[in-house]
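Mapping of the sequence shown onto this note's numbering: position 42 corresponds to residue 265, and the numbering continues sequentially without gaps.
Here is the structure we will look at.
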Amino acid sequence: MNEKSALEAQESFDFLYVEEATAEGGESRRINFRTSQTVEALKRVIAAELRVQHDWSKLDLVSAGRELTELGKTLESYGIFDGDTVFYARDTTTTARPPAYSPPTTTGVRTLDNVMFKDLHGKTLTLHGIPVTWTVKQMRYKLGIEKHLSDQVEDYRFIYNGKQLVDENNLELYQLTEGCTIQIVLRLPGGIVR
């Protein structure tokens with residue numbers, strides 16, 4: 224095959240421009256791709272270009288303001304033709320990992336379905352499904368995440384039956400009961416002045 228016929232063969236391919244959608248404006252690339260192929264095939268080609276073949280499913284594609292979500296549909300069915308630009312974005316969400324407060328997978332562990340927390344202003348917050356095998360710290364993190372207090376929860380002290388709950392101790396040590404109320408007090412900054 225001579226050079227001229229190779230060039231003609233290449234130009235007979237449909238081509239697209241692909242560009243990463245970034246705040247700075249991504250670099251546009253021309254790729255040989257038939258618009259009669261599927262969205263999945265395009266994702267795989269782009270992933271190969273980016274050298275992240277195993278992450279092809281984490282690419283989001285958009286053209287003319289429409290997200291290309293159906294993997295089995297052709298680009299033509301989305302109205303994309305030779306020379307059009309398709310934008311891609313890398314899905315940066317991390318894989319779902321269980322949070323720090325996740326219960327152990329052991330079965331038969333007693334759980335408290337209603338644990339109430341009352342602050343000095345009289346506001347009551349309720350947590351559900353807390354295993355008694357958890358530490359106070361795990362319960363603290365769950366309270367912070369579920370009630371959107373993550374930035375404040377480290378400054379809270381928990382008091383139950385007149386005792387301060389210690390982060391490293393299991394909840395069963397404090398003999399918490401169903402429907403119990405734990406008082407929340409704010410830890411004051413500072414220390415001993417000598």
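Note that CB positions come from ideal geometry on N, CA and C, so glycine has one too.
The model shown is predicted, which means the values in this text are computed figures rather than measured ones.
In this structure, the straight-line span from the alpha carbon of Leu335 to that of Thr400 is close to 7 Å.
For the region 333-404, the full-length alpha helix (DSSP H) segments reaching 4 residues or more read 359-369 along the chain. Per DSSP, reduced to three states, the secondary structure at Glu290 is strand. When the five nearest sequence neighbours on each side are left out, the beta carbons in the same chain lying within less than 6 Å of the beta carbon of Tyr383 are those of Tyr397 and Ile405, in order along the chain. Taking all protein chains shown into account, Phe304 has fewer than 16 neighbouring C-beta atoms within 10 Å of its C-beta and is therefore exposed. Note that the C-beta distance between Met339 and Gly402 is below 9 Å. Across the structure, Arg333 and Ile368 are spaced so that their CA atoms are roughly 22 Å apart. Remark: C-beta atoms of Leu294 and Tyr301 do not approach each other more closely than 9 Å. Within a 10 Å sphere around the beta-carbon of Lys296 sit fewer than 16 other beta-carbons, which makes this residue exposed. The beta-bridge partner set that DSSP reports for Ile254 consists of Leu239.
With a beta-carbon spacing of about 19 Å, Asp283 and Thr258 fall beyond the 8 Å limit used to define contacts.
Take the alpha-carbon of Lys341 and the one of Thr356: they are about 22 Å apart. When the beta-carbon positions are compared, Val359 and Glu391 come within less than 9 Å of each other.
The criterion of a C-beta distance shorter than 9 Å is satisfied by Glu243 and Arg313.
The beta carbon of Arg267 lies closer than 8 Å to those of Gln276 and Trp279 in the same chain, with the five residues before and after it left out. Assignment of Val309 by DSSP, reduced to helix, strand and coil, places it in the strand class. Note on geometry: alpha-carbon atoms of Asn255 and Leu239 lie some 7 Å from one another. In the three-state reduction of the DSSP assignment, Leu282 falls in the strand class, which pools E and B. A residue is called buried once 16 or more other Cβ atoms fall within 10 Å of its Cβ, and Ala270 is buried on that count. If you draw a straight line from the Cα of Tyr311 to the Cα of Val262, it is about 12 Å long.
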